[in-house]
Structure formats: C-alpha cells, structure tokens
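Comments concern the structure below.
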Amino acid sequence: GTTAAFSRESATLAANQGLYNGFMAAGLIWSLFASDPVRHQIQIFFLLCLVVAGVYGAVTVSRKILFVQAGPAALALTLVLVAG
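As numbered in my numbering, the sequence shown has no gaps in its residue numbers, which increase by one up to the final residue, 686.
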C-alpha cells in the first residue's frame with residue numbers, strides 16, 4: 603500500500619499536472635478563436651511550451667514522456683509551422 607504522506611504528495615503533483623494541462627488546452631482553444639497573425643503566434647507559443655515540458659519530463663522523469671507528450675506536440679508544431 604501507500605502511506606498517507608505519499609498520497610498527499612501524489613495528489614499535489616496530480617493537481618499541478620491537471621492545472622498545467624488545463625492551461626495548455628485553454629491556450630490552444632483560445633488560438634482557434636483568435637485572428638491571424640495572433641492565432642499562429644499563440645499556437646506556436648503553446649505548442650513550444652508542450653515540447654519543452656515534454657523534453658524536461660523526459661530528462662527528469664521518464665524517456666517515455668518524450669514520445670507521449672513532446673512527440674505529438676512537436677508534430678503539431680511542425681504542421682502549424684508548415685501551414686503558417
């Protein structure tokens with residue numbers, strides 16, 4: 603089982619990750635309603651944030667994060683830049 607202290611620490615980390623994901627989603631949804639060229643800049647900014655966070659997570663936590671988080675964000679960023 604887990605200890606009460608571990609459960610509290612895990613809950614705090616999970617809440618932090620949820621808040622981060624919520625901000626990233628809000629930013630990308632916002633970009634859908636913004637007009638160009640601001641739309642493009644917002645998309646680039648938030649996707650870069652996701653790539654950087656994914657690389658940081660891969661270095662500090664697990665390499666799997668590189669493929670699960672940074673990879674899809676990098677692909678989306680590439681598509682946004684190509685469409686640019």
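Yeah, the Cβ is synthetic: ideal placement off N, Cα and C, and Gly gets one too.
Every value quoted in this text rests on a predicted model; they were computed, and no experiment measured them.
In the three-state reduction of the DSSP assignment, GLY673 falls in the helix class. Nearest C-alpha to SER633 among SER609, PHE648, ALA678 and ALA606: PHE648. Around ILE646, the same chain offers LEU679, VAL682 and LEU683 as residues with beta carbons nearer than 8 Å, after the five sequence neighbours per side are excluded. Here the alpha carbon of GLY620 sits roughly 25 Å from the alpha carbon of HIS642.
With 16 or more neighbouring CB atoms inside 10 Å of its own CB, LEU652 falls in the buried class.
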